[in-house]
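Enquirer: Start counting at 1 in the sequence shown, then tack on 9, and there's your number in full-length UniProt numbering. For each residue, glycine too, the CB sits at the ideal point set by N, CA and C.
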Amino acid sequence: LALPVSDPDLEQRLKSRLTLVEKALAGHVQSRAPFVTEAAGHLLEAGGKRFRPLLVLLAAECGDRADSDDVLTAACVVELTHLASLYHDDVMDEALVRRSADSANARWDNHIAILTGDFLFARSSELTAELGPEAVHIQAQTFARLVEGQIMETQAPLSGEDPVSHHLDVIAGKTGILIATSARYGALFGGAPKEVEEALTAYGDIVGAAFQISDDILDIASDGDVSGKTPGTDLREGVPTLPVLMARRAARPADARLIELLDSDLAASDEDLAEALALLRAHPAMDEARAYVLEEARRAKACLAPVPAGPVRDALEAFADVVATRTT
Ligand code: FPP
Ligand code: MG
Ligand code: MG
10 LALPVSDPDL
20 EQRLKSRLTL
30 VEKALAGHVQ
40 SRAPFVTEAA
50 GHLLEAGGKR
60 FRPLLVLLAA
70 ECGDRADSDD
80 VLTAACVVEL
90 THLASLYHDD
100 VMDEALVRRS
110 ADSANARWDN
120 HIAILTGDFL
130 FARSSELTAE
140 LGPEAVHIQA
150 QTFARLVEGQ
160 IMETQAPLSG
170 EDPVSHHLDV
180 IAGKTGILIA
190 TSARYGALFG
200 GAPKEVEEAL
210 TAYGDIVGAA
220 FQISDDILDI
230 ASDGDVSGKT
240 PGTDLREGVP
250 TLPVLMARRA
260 ARPADARLIE
270 LLDSDLAASD
280 EDLAEALALL
290 RAHPAMDEAR
300 AYVLEEARRA
310 KACLAPVPAG
320 PVRDALEAFA
330 DVVATRTT
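1. Please tell me whether, using a cut-off of 7 Å, the distance from the CB of residue 98 to the nearest non-hydrogen atom of ligand 2 is below it.
2. Taking residue 171 as part of the alpha helix (DSSP H), name the residues at either end of that continuous run.
3. Expressed to the nearest angstrom, what Euclidean distance is found between the alpha-carbon atoms of residue 167 and residue 26?
4. Measure from the alpha carbon of residue 50 to the alpha carbon of each residue in 18, 112 and 75, then state which is nearest.
5. Can you round the beta-carbon distance between residue 48 and residue 121 to whole angstroms, since I take them to be within the 8 Å contact cut?
6. On the CB-based measure, 16 or more other CB atoms within 10 Å of its CB, does residue 146 come out buried or exposed?
7. Quick one: residues in its chain with C-beta nearer than 8 Å to the C-beta of residue 30, no 5 flanking neighbours on either side, listed in chain order?
8. Nearest to residue 193 by alpha carbon, out of 12, 69, 328 and 42?
9. DSSP puts residue 106 in a beta bridge; with which residues?
10. According to DSSP, simplified to helix, strand and coil, what is residue 238?
11. At a threshold of 7 Å, does residue 225 count as lining ligand 2 (C-beta to nearest heavy atom)?
12. Could you compute how far the alpha carbon of residue 129 sits from the alpha carbon of residue 222?
13. Under 8 Å by Cβ, that's how I've got residue 213 and residue 191 pegged, so tell me the actual separation to the nearest angstrom.
14. Relative to the C-alpha of residue 186, which candidate in 195, 158 and 206 has its C-alpha closest?
15. Can you confirm whether the stretch 202-219 touches the stretch 285-299 when touching is taken to mean that 3 or more C-beta pairs between the two stretches lie within less than 8 Å?
16. What residue ranges within the stretch 23-57 form continuous alpha helix (DSSP H) runs of no fewer than 4 residues, ordered along the chain?
17. With a CB to CB cut of under 6 Å and the five nearest residues on each side skipped, what residues in its chain are close to residue 64?
18. Excluding the five sequence neighbours on either side, which residues of its own chain have a C-beta within less than 8 Å of the C-beta of residue 56, listed in chain order?
19. Could you tell me the alpha carbon to alpha carbon distance between residue 334 and residue 216, rounded to whole angstroms?
20. Is the stretch 261-281 touching the stretch 139-154 in the sense that three or more CB pairs, one from each, lie closer than 8 Å?
21. Can you give me the Cβ contacts of residue 211 inside the same chain, cut-off strictly under 6 Å, excluding the 5 residues immediately before and after it?
22. Below 6 Å CB to CB, which residues in the same chain sit around residue 46 once its five sequence neighbours on both sides are set aside?
23. Is residue 73 near ligand 2, with its Cβ less than 7 Å from a heavy atom?
24. Can you list, in chain order, the residues of its chain whose CB lies under 6 Å from that of residue 28, leaving out five sequence neighbours each side?
25. Would you call the stretch 265-275 and the stretch 248-257 touching, i.e. three or more CB-CB distances under 8 Å?
26. Could you give the C-beta distance for residue 220 and residue 332, rounded to a whole number, given that I count them as a contact under 8 Å?
27. May I ask whether a heavy atom of ligand 1 can be found less than 7 Å away from the beta carbon of residue 190?
28. In angstroms, rounded to a whole number, what distance separates the CA positions of residue 226 and residue 299?
29. Taking all protein chains shown into account, decide if residue 182 is buried (16 or more other Cβ within 10 angstroms of its Cβ) or exposed.
30. Under 8 Å, do residue 75 and residue 208 count as touching if we go by C-beta distance?
31. Run the CB neighbour count on residue 44, radius 10 Å, all protein chains shown included, and call it buried at 16 or more, exposed below.
32. Work out the CA separation of residue 243 and residue 73 for me, nearest whole Å.
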């Protein structure tokens with residue numbers, strides 16, 4: 010599990026439920042057309058932490074129906090939605106590597122990647138329908154927020170709008186909402202009380218944004234062997250991230266060269282990109298962003314008050330800590 014669980018019974022249950030989810034996912038990417046099966050299975054088989062399904066399963070443990078089939082279905086829904094969005098995201102970001110494998114756009118082309126994302130999203134919609142109208146409603150809202158966040162990322166902040174708060178709004182959409190929905194589905198289909206469902210949704214929102222910021226810190230700090238992605242991808246594509254916005258905001262006299270590089274087309278020069286990465290790695294904005302994530306993890310854990318104390322709440326707390334301190 011991509012999560013330390015101190016209670017062995019809970020850990021065993023989560024592991025065996027996640028194995029069932031994994032088997033079901035392998036079935037859901039099957040198509041009558043062998044090539045579609047290959048393309049849709051490509052990123053699923055390449056790896057992934059299965060963070061979202063794990064959160065569904067864990068949140069479900071807050072209710073009295075944690076072992077229901079609907080919980081497994083919901084876990085598949087969020088992973089398929091996530092997977093679909095990765096196919097599209099790699100087209101937008103012109104990313105060549107994902108989960109240490111060729112991205113679908115690199116392996117085939119943009120058309121195949123986009124349509125495969127659509128296929129996976131269709132599969133997740135079909136499963137959502139099995140969960141009933143409330144899930145369809147939540148799923149439609151989640152999808153709209155995902156797309157809004159992803160589109161807003163391509164738009165500059167409005168004049169007078171703080172770039173950091175614009176950015177936090179973007180990541181609440183492109184990443185926060187699906188993680189919030191994962192926690193919500195778990196609570197809803199696991200039979201948790203409404204109050205717990207709301208608490209877990211708020212928790213998921215914060216954990217989700219923190220997850221994205223950790224990811225963006227890693228894009229600068231990590232080496233590609235560990236992350237399974239190409240470091241500096243956001244920088245190269247000019248996608249703003251929290252550490253970069255914080256460095257810009259710091260505007261120290263010593264940062265003149267960094268700002269000049271950030272304002273240039275880093276996709277045009279690997280040398281400039283490497284220099285920008287090195288300057289950012291040494292910049293105090295990296296620690297400022299890390300401190301922000303730790304504070305968000307603390308805020309997320311504070312949402313868990315309505316969850317009864319015990320192994321499940323401990324694991325939810327550990328989940329927030331893992332997100333804040335992730336290295337992959
Ligand atoms: C990754 O961000 C991208 C997302 C978390 C969301 C992408 C959403 C869409 C493309 C819209 C939804 C589309 C469908 C079909 C559901 P990133 O580029 O910052 O992260 P990375 O480093 O993992 O690429
Ligand atoms: Mg990307
Ligand atoms: Mg992106």
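Expert: According to the structure shown:
1. As a position in the sequence shown, residue 98 is number 89, starting the count at 1. Yes; taking the cut-off as 7 Å, the Cβ of residue 98 has a heavy atom of ligand 2 nearer than that.
2. Indexing the sequence shown from 1 puts residue 171 at position 162. Note, residue 171: premise wrong, no alpha helix (DSSP H); not H, not E.
3. Translated into the one-based positions of the sequence shown, residue 167 becomes position 158. Translated into the one-based positions of the sequence shown, residue 26 becomes position 17. Using only the alpha carbons, I get a separation of about 45 Å.
4. One-based indexing of the sequence shown puts residue 50 at position 41. When each option's Cα is compared against that of residue 50, the closest is 112.
5. Along the sequence shown, one-based indexing puts residue 48 at 39. Along the sequence shown, one-based indexing puts residue 121 at 112. Their Cβ separation, rounded to whole angstroms, is 6 Å, which keeps residue 48 and residue 121 in contact under 8 Å.
6. Residue numbering aside, residue 146 sits at position 137 when the sequence shown is read from its first letter. Residue 146 is exposed by the Cβ-count criterion.
7. Numbered from 1 along the sequence shown, position 21 holds the residue referred to as residue 30. Closer than 8 Å at the Cβ level, and outside the excluded window around residue 30, lie 59, 62, 66, 81, 84, 85 and 88.
8. By one-based count along the sequence shown, residue 193 stands at place 184. Taking only the C-alpha atoms, the option nearest residue 193 is 69.
9. As a working note, residue 106 is residue 97 in the sequence shown. According to DSSP, which records beta bridges pairwise, residue 106 is partnered with 111.
10. Counting from one through the sequence shown, the residue named residue 238 turns up at place 229. Coil at residue 238, not helix or strand.
11. The count along the sequence shown starts at 1 and reaches residue 225 at position 216. Answer for residue 225: no, Cβ out of range of ligand 2.
12. Here residue 129 is taken as the residue at index 120 of the sequence shown, counted from 1. Here residue 222 is taken as the residue at index 213 of the sequence shown, counted from 1. Looking at the two C-alpha atoms, the distance is approximately 26 Å.
13. Here residue 213 refers to the residue found at position 204 when the sequence shown is read from its first residue. Here residue 191 refers to the residue found at position 182 when the sequence shown is read from its first residue. About 6 Å; that satisfies the 8 Å criterion.
14. Position 177 of the sequence shown, counted from the first residue, corresponds to residue 186. The candidate whose alpha carbon is nearest that of residue 186 is 158.
15. no
16. 43-55
17. Position 55 of the sequence shown holds residue 64. So the list reads 191 and 192, once near-sequence residues are dropped.
18. Looking up residue 56 in the sequence shown gives position 47. Closer than 8 Å at the Cβ level, and outside the excluded window around residue 56, lie 108, 109, 110 and 237.
19. Residue 334 sits at position 325 when you count from the first residue of the sequence shown. Residue 216 sits at position 207 when you count from the first residue of the sequence shown. Their Cα atoms are separated by approximately 12 Å.
20. no
21. Within the sequence shown, numbered from 1, the residue matching residue 211 stands at position 202. Closer than 6 Å at Cβ, skipping near neighbours: 312.
22. What you label residue 46 is simply residue 37 of the sequence shown in a count that begins at 1. Excluding positions up to five away in sequence, the list reads 39 and 40.
23. Working through the sequence shown from its first residue, we reach residue 73 at position 64. It does not: the Cβ of residue 73 is nowhere closer than 7 Å to a heavy atom of ligand 2.
24. Taking the sequence shown and counting its residues from 1, one reaches residue 28 at position 19. The answer is none, since no qualifying residue turns up.
25. yes
26. For the purposes of this step, residue 220 is taken as residue 211 along the sequence shown, with counting starting at 1. For the purposes of this step, residue 332 is taken as residue 323 along the sequence shown, with counting starting at 1. Rounded, the Cβ-Cβ distance is 5 Å, consistent with contact.
27. Counted from its first residue, the sequence shown places residue 190 at position 181. No, since every heavy atom of ligand 1 falls outside the 7 Å radius drawn around the Cβ of residue 190.
28. Locating residue 226 in the sequence shown gives position 217, counting from the first residue. Locating residue 299 in the sequence shown gives position 290, counting from the first residue. Taking the straight line joining both Cα atoms gives about 8 Å.
29. Position 173 of the sequence shown holds residue 182. Answer is buried; the Cβ neighbour count reaches 16.
30. The residue labelled residue 75 in the question sits at position 66 within the sequence shown. The residue labelled residue 208 in the question sits at position 199 within the sequence shown. Not a contact, by the Cβ cut-off of 8 Å.
31. Numbered from its first residue, the sequence shown carries residue 44 at position 35. Label assigned to residue 44: exposed.
32. For the purposes of this step, residue 73 is taken as residue 64 along the sequence shown, with counting starting at 1. For the purposes of this step, residue 243 is taken as residue 234 along the sequence shown, with counting starting at 1. Looking at the two C-alpha atoms, the distance is approximately 42 Å.
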